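To keep things clear, I will list the structure first and then write my remarks on it.
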Amino acid sequence: MESSVKPEGYIPRIADAKIERYLSLFGAVEITGTKWCGKTWAALQHAASVSFVDTSLALARDDPSAMLLGERPHVIDEWQRVPQIWDYVRHEVDRTHGLRGGWILTGSSTPLPKGTGKEEGLPSHSGAGRIGRIRMRPMTLAESGDSTCSVSLAGLFRGEFAPGQVRTDASKIVELACRGGWPEGVDLDAAGAQIIAREYLRALRLESIPSLGKDGEVAGRLLFSLARNLGQAATYDTLRADMADASSGGGVSEGTLVSYLTLLRNLYLLEEVPGWLPPARSPKRVRTRPKRYLADPSLAVAALHMSPDALLGDWQTFGLVFENLCIRDLMVYASAMDEAADVPVRYYRDDSGLEADAIVELADGRWAAFEIKTSEAKVPDALKSLRAIKRKLADAPGARTRPPEFMAVITGVSEYARRVEDGLYVIPIRALTA
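In the working numbering, the protein residues as written are -9 to 424.
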């Protein structure tokens, strides 16, 4: 156990408000997310003391309760290394009536399910009602200072919008995608930040994945396939083909693929965006296979072994990387709202091919549709698609889906955030915030 001071140079995160809110509601709060995304720093910003499980592993295994000792709120960092800690925290919350904000648990993976051979005393209870859960992701453009923050997602749901200007050329938006949202890399150029991203993937292949009983090279091939198919509802057959080892001629079974996808989800490296089923629409007429993204666009660039110059020369591939960036930011902005649904970001595609890259849905049923385009050149077609979705789902005779609160095209290479007509906007990603 160590005393803690608030971290020097801390960059405020959008999740800070939710952490404070949850500390006032729950006996304990869990902050999860991929490695290096800033969980521990965020936790320490709200804490009075800390225990680092990885540096006190022997003690934690012999006496998990020792990790709970310290002035509250007390951080237990990487709690999942000794999963029994979860039950000790839950029991302490149960034992103390009215306890709020006692502990902050941070973790970059979830305990492995039974049958993997790697589980170590899994928690016996979910902690529902006692431990609030918050998901952190790499930094958005708003958090890294690369957005003017002139357009608020929550504000749009309240009917608030003001036009603004933010000039972005192709080189700049490519640089931001390659740099990514890693707190330790936001002051680096794209080349330097890509070294961090490649090191992240190297450590994953050579250390993290093998320590969990999986083949790092197989995981690397899956990451390449996911990067090659960003934002696509790729079939298992497509992913399995990419994972095959050409040197040995061997493929992987569907069960093996599913186990690796599960592992990447448990490490918070894989974002699966499910399809949206509008109320009163037949699920048979809507594609529901998930679209997949990586936790940060910089990881996709690193997995593809591309550079900023290579992306500028392959604009189609950059379109996929840019969509990954926008989905990352939308996930953070949408999750920050108290009214957010359990799955705040989905996508829409029906049997006629009509689609929206993202649907942000609130718990009360309000929704908004987004198309994501790299530049202004594709905005007219995107606006046409959004209007068609509204006509089909909400305006057609007999339609039972409530109208969207608004619709928007999110752009990369652009200059102006503007209202096209009532409820329809064009918004540069570098103008957006929570």
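The beta carbon of each residue, even a glycine, is placed where N, CA and C say it ideally should be.
Since this is a predicted model, take the numbers as computed values, not measurements.
Q) Exposed or buried, what is Pro387 when buried is set at 16 or more other beta-carbons lying within 10 Å of its beta-carbon? A) The residue is exposed, with fewer than 16 neighbouring Cβ atoms inside 10 Å.
Q: Check the Cβ-Cβ distances between Leu95 and every residue of chain B, and say whether any is below 8 Å.
A: Of the protein chains in the structure, only one exists, and it is not chain B.
Q) Just checking my contact of Arg420 with Val156 at CB under 8 Å: how many whole Å lie between their CB atoms? A) Rounded, the Cβ-Cβ distance is 5 Å, consistent with contact.
Q: Report the rounded CA-to-CA distance for Arg339 versus Tyr226, giving the unit in angstroms.
A: Between Arg339 and Tyr226, the alpha-carbon positions lie close to 19 Å from each other.
Q) Which word fits Arg192, buried or exposed, when buried means at least 16 other C-beta atoms lie within 10 angstroms of its C-beta? A) The residue in question, Arg192, is exposed, as its Cβ has fewer than 16 Cβ neighbours within 10 Å.
Q. Is it buried or exposed for Leu259, if we count other Cβ within 10 angstroms and need 16 for buried?
A. By the 10 Å Cβ count, Leu259 comes out buried.
Q: Indicate the three-state DSSP secondary structure (helix, strand or coil) for Trp357 in the structure shown.
A: Here Trp357 sits in strand by DSSP.
Q: Return the CA-CA distance between Ala300 and Cys168, expressed in angstroms with no decimal places.
A: So the two alpha carbons sit approximately 11 Å from each other.
(Q) From the DSSP secondary-structure annotation, give me the bridge partner or partners of Gln155. (A) According to DSSP, which records beta bridges pairwise, Gln155 is partnered with Tyr406.
Q. Residue ranges of each alpha helix (DSSP H) run of no fewer than 4 residues wholly in the segment 44 to 100, ordered along the chain?
A. Annotation: the segment 44 to 100 contains the following complete segments of the alpha helix (DSSP H) (minimum length 4 residues), in chain order: 47 to 52, 74 to 85.
Q | Three-state secondary structure (DSSP) of Tyr258 | A | Note: Tyr258 maps to coil in three-state DSSP.
Q.
When you compare the CB positions of Pro394 and Ala358, do they come within less than 8 Å of one another, or not?
A. Yes, they are a contact pair.
Q. Which residues in the same chain have their Cβ closer than 8 Å to the Cβ of Gly105, if we skip the five residues on either side of it in sequence?
A. Reliability of the predicted coordinates at Gly105 is poor, the pLDDT of 44 falling under 50, and no value is obtained from them.
Q: Give the straight-line distance between the Cα atoms of Ile4 and Ala324, rounded to the nearest whole angstrom.
A: Looking at the two C-alpha atoms, the distance is approximately 11 Å.
**Q.** Cα-Cα separation between Arg62 and Arg90, rounded to whole angstroms
**A.** Looking at the two C-alpha atoms, the distance is approximately 10 Å.
Q: Identify whether Glu110 lies in helix, strand or coil by the three-state DSSP scheme.
A: At Glu110, the pLDDT of 49 sits below 50, so the modelled position is not reliable; the number obtained from the coordinates is stated separately. Glu110: coil per DSSP, three-state reduction.
Q) Between which two residues does the alpha helix (DSSP H) containing Tyr0 stretch? A) For Tyr0, no alpha helix (DSSP H) encloses it, and the DSSP letter there is neither H nor E.
Q: Let me know the secondary structure DSSP gives Val164 once reduced to three states.
A: Reduced to three states, the DSSP call for Val164 is helix.
Q. At which residues does the beta strand (DSSP E) containing Leu320 begin and terminate?
A. Taken as a continuous stretch (DSSP letters only), Leu320 belongs to no beta strand (DSSP E), being part of the alpha helix (DSSP H) at 305 to 325.
Q) With distances taken between CB atoms, is the gap from Arg218 to Leu284 smaller than 8 Å? A) Going by C-beta atoms, Arg218 is not nearer than 8 Å to Leu284.
Q. Quick one: what's Arg123 bridged to in DSSP?
A. Its beta-bridge partners are Glu20.
Q | Backbone secondary structure at Asp299 - three-state DSSP | A | The three-state reading of DSSP puts Asp299 in helix, counting H, G and I together.
Q.
Here's a check: name, in chain order, each residue in its chain whose Cβ is nearer than 7 Å to the Cβ of Phe125, leaving out the five neighbours to either side.
A. The sequence as given places Arg at residue 125; Phe does not occur at that position. Excluding its 5 nearest sequence neighbours in each direction, Arg125 has C-beta neighbours in its own chain below 7 Å: Thr22, Gly23, Ser325, listed in chain order.
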